[in-house]
Every structure is written in structure tokens, then in C-alpha cells.
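Quick note: the working numbering has the sequence shown finishing at residue 453, numbered continuously throughout. Idealized CB from N, CA, C, for every residue including glycine. Every value quoted in this text rests on a predicted model; they were computed, and no experiment measured them.
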Amino acid sequence: MALLDIKNLSLYMDIGGTIVQALEKVSFTLNEGEIKALVGESGSGKTLVVKAIIGALPGYWQVKADRLNFKGQDLIDLNYEQRRHIMRRDIAVVFQEPTSSLDPSVKLGSQIEESIPEEFVNKGRFWERKKHRREIANSLLHKVGIKEHERWLNCYPNEIPRDVSQKIMIAMALASEPTILIADDSTRGMESTTKTQILRLLVKLNKTKNLSILFVSHDLLAITSIANSMTVLYCGQTVESGKVKSLLKRPLHPYTKALLDSAPSFQTSLPVKSPLKTLKGTIPSFQHLPTGCRLGPRCPNAGKECVQAPIMRNIQDHQYSCHFPLHVVNKKISKKQAQTSTEPLSNDNVDNNAASSGERNT
Ligand SMILES: Nc1ncnc2c1ncn2[C@@H]1O[C@H](COP(=O)(O)OP(=O)(O)OP(=O)(O)O)[C@@H](O)[C@H]1O
């Protein structure tokens, strides 16, 4: 059973009397022991998805979903206390800006100790409990690779380097021994050595503690170095989902291909000083959302069908939502798309694949 199972998550907000749909039928799952990436450019709705999962959206947002399940339990059906309990013990989040998530007026030692659930601390006199809390705090810092705990515990957040504060945020997130860690753009803006350290730490926690991780980022290189599978979002819609290797080798959605084309690390045959390929235009604002497939106005393969939102299709655990998928040669394919597809699957191949996987709408 998936730990997190999200199906058709939609978010609505009233902007000046007009209801806008910020997220439209976002679907993905996070399995036990998996590192799943949620990828998309800035403004694609990644943080909104995270906030919908943890229940941190202000009251003016309306959340609808066929499923928003944690371990089979529908999060939307839970009352405030039940949801809070899950968020306190099972799902931990590390946000992108560590220093703004820490209290600037309290020493780090006290903040870490405060994050340790009461039930993890031995019963006893208050000084015994305090001593035990400090021991747990020290061991949490060791877990995230901070050896000199005494050096940092007496500091205020503004006195420590960014990589240490991010590790401390992860240590605090681990204090409740969660089942899922959501890292929301937690390596954003970091220089590469620090970023590598944090990514290695996440992989280590995943391997040694079987921690399932939802890694939210727009950094494809970071994602491909740690994640097993990924879901690509564009403007609040899920466009593609599958194993990272499969998406890199054969992206089926034009947006995924455009993301990969725009990242220098994935361009092996790019001539020196030549510009990277990008999609024309920019991600639309909420006030100007196109109908149907939201990539439509920017998509090189768009056709008249794209004014209808495409359904999610599945080929061998690779889901895509596009009327004109790349590499899938079928009757619907347009001439323009055939030129874009570099390695088309044969008709037989795709039909067989679809048949064997029981192609279905998800
Ligand atoms: N409280 C809010 N009120 C109005 N619009 C919002 C609110 N929160 C987010 N948005 C809008 O929703 C869209 C998606 O925002 P979100 O923060 O989820 O994007 P993101 O993919 O996480 O981007 P980034 O990588 O820059 O954090 C953006 O256009 C943003 O301006």
C-alpha cells in the first residue's frame, strides 16, 4: 500500500470574485522506502501540493480530492486533532529557507529539544528529563552528520552557516521519527558542496532509516541524483509520472522534454556557446489560465484537441497526460509531433505495451 496516495487533488481559490483552480487533478503516490520527486518550474504549484498534504492552507482555499490518503486514511476526513497528530508524528516537513523556519530569539539547543515529542523522553524529575532531552538532541545532530554538537547548540540561528541550519532543520524533523519527510526545495540556492552534503544526508536517511522522502524541487540534477521516481507538474496539472530513469530516457510529455532540454547537465551534444532550448512564453498567472491542457499555448505539439484536458494514461508504470505524447506512435499523432519524437516506439510496441499494462485512465 502506498504511504501517500493522492488522486485528483484540486485546489480552488476566490480571486476578486472569480474562482480559480490553482491545482487541477494532481495525482501521485509515495511508496514506503521510496524517494519521490515532485518537479516543476517556479509557480507550478509544488508548495501548494505540500501545504494541501500537511493541511497548512489558509481557510480561503477549497481542497477537493478523490483521495488524499496517508496509510489508507483520508486526510480530508480527519478532524483537526487527528490531522495534527499525524503531522506531529508521521509526516515531517523541511521548508526551503531554514533560517526563517527557526526562532531567531531562541538558542538552537532549546529549539531542538522542544521538537522532541514528550513520549520519547524518560519519566523522572525535571532535571533528569532535561538531561535526557539534551542527549536525544545530541544524537539527532549526530544522525544528520553534525559531530561538534556543543559548538552549535548554544548558538542563535543567525550565528550558524546555512548548511548547518538546514541540517538542524532536518534533525528537528527527524525528532518525531516520522514515516515521511517532505523536503520542500530544501537545497534551493545552496552552493554545490552544501547541496551535495544535504542530498547525501537524505539518501543516507532513506537507506538506513527506511525514511520515505517527497523531494520537492525544480533542480533536475539534484532530483536525478537521489530520486527513484518523479512526478512533473506544470501550472497546477500533473503532466507526467514514472521512474526517473524512464522519464530521462524517454519523456512522453513535451513539457518534461522541454525541462530536460533546458538543463545544461542533460545536454550531451550541445555545441559550445549555443543557447539552450526553451519553450516560448512563460507560465500563465491564475487570472489567465488556458482551458484544457495548460501547456497548450506554449506547446510545440499542440493541436485543437488540447483545449480539452487530456486524461492520464498509463504505459508500463509511466503515466502521462497529453493528447500528442512523444515517442508514442498512434493514429492520433500529428506530423509535427512525429518530427519532435526522436526515438518513436513502433505502433506494435506501444499497442502491446499498453495492452500488457492494461492501459487505463487513472
Ligand atoms: N496564498 C496564496 N494566494 C494567492 N496565490 C498563491 C498563494 N500561494 C501560492 N499562490 C500562487 O500559486 C502558484 C503556485 O505557487 P507555489 O508556491 O505552489 O509554486 P511552486 O511550484 O512551489 O514555486 P516555487 O518553486 O517558486 O516555490 C503561484 O502562482 C503562486 O503565486
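Helix, strand or coil at residue 409 [DSSP, three-state]: Along the sequence shown, read from residue 1 onward, the residue named residue 409 stands at position 318. DSSP places residue 409 in strand when its eight states are reduced to three.
Do residue 370 and residue 349 come within 8 Å of each other at the CB atom, strictly closer than that value? Taking the first residue of the sequence shown as 1, we reach residue 349 at position 258. Taking the first residue of the sequence shown as 1, we reach residue 370 at position 279. The beta carbons of residue 349 and residue 370 sit closer together than 8 Å.
Just checking residue 133 against ligand 1 - is the residue's beta carbon closer than 7 Å to any of the ligand's heavy atoms? Locating residue 133 in the sequence shown gives position 42, where the first residue counts as 1. For ligand 1, at least one heavy atom lies less than 7 Å from the Cβ of residue 133.
I need the straight-line Cα distance from residue 328 to residue 153, nearest angstrom please. Indexing the sequence shown from 1 puts residue 328 at position 237. Indexing the sequence shown from 1 puts residue 153 at position 62. In a straight line, the C-alpha of residue 328 is about 16 Å away from that of residue 153.
In the structure shown, what three-state DSSP assignment does residue 331 receive? Taking the sequence shown and counting its residues from 1, the one referred to as residue 331 is at position 240. Residue state, collapsed to three classes: strand.
Does the beta carbon of residue 137 fall short of 7 Å from some heavy atom of ligand 1? Residue mapping note: residue 137 aligns to position 46 of the sequence shown, counting from 1. Yes, the Cβ of residue 137 comes within 7 Å of a heavy atom of ligand 1.
Counted within 10 angstroms of its Cβ, other Cβ atoms place residue 137 as buried (16 or more) or exposed: Position 46 of the sequence shown, counted from the first residue, corresponds to residue 137. Burial call: buried.
Which word fits residue 151, buried or exposed, when buried means at least 16 other C-beta atoms lie within 10 angstroms of its C-beta? Translated into positions along the sequence shown, residue 151 becomes position 60. Exposure of residue 151 is indicated by the presence of fewer than 16 other C-beta atoms within 10 angstroms of its C-beta.
Less than 7 Å between the CB of residue 379 and some heavy atom of ligand 1, yes or no? In the sequence shown, counting from the first residue as 1, residue 379 sits at position 288. Closer than 7 Å to some heavy atom of ligand 1: that does not describe the Cβ of residue 379.
Can you give me the C-alpha to C-alpha distance between residue 428 and residue 324, rounded to a whole angstrom? As a working mapping, residue 428 is identified with position 337 in the sequence shown. As a working mapping, residue 324 is identified with position 233 in the sequence shown. Confidence at residue 428 is low in this model, with a pLDDT of 45, below 50, so the placement of that residue is unreliable and no value is reported for it.
Residue 128: beta carbon under 7 Å from a heavy atom of ligand 1? In the sequence shown, counting from the first residue as 1, residue 128 sits at position 37. Not one heavy atom of ligand 1 lies closer than 7 Å to the C-beta of residue 128.
Mapping DSSP to helix, strand and coil, what is residue 306? Here the question's residue 306 lines up with position 215 in the sequence shown. The three-state reading of DSSP puts residue 306 in strand, counting E and B together.
Can you look up residue 249 in the DSSP assignment and give me helix, strand or coil? Counting from one through the sequence shown, the residue named residue 249 turns up at place 158. Three-state DSSP puts residue 249 in a helix.
Measure the C-alpha to C-alpha separation of residue 103 and residue 274 and round it to an integer number of angstroms. Position 12 of the sequence shown holds residue 103. Position 183 of the sequence shown holds residue 274. If you take the alpha carbons of residue 103 and residue 274, they lie about 24 Å apart.
Does the separation of the CB atoms of residue 264 and residue 185 fall below 8 Å? Looking up residue 264 in the sequence shown gives position 173. Looking up residue 185 in the sequence shown gives position 94. Contact: yes.
Does DSSP classify residue 123 as helix, strand or coil? Residue numbering aside, residue 123 sits at position 32 when the sequence shown is read from its first letter. Residue 123 carries a coil assignment under DSSP once its states are collapsed to helix, strand and coil.
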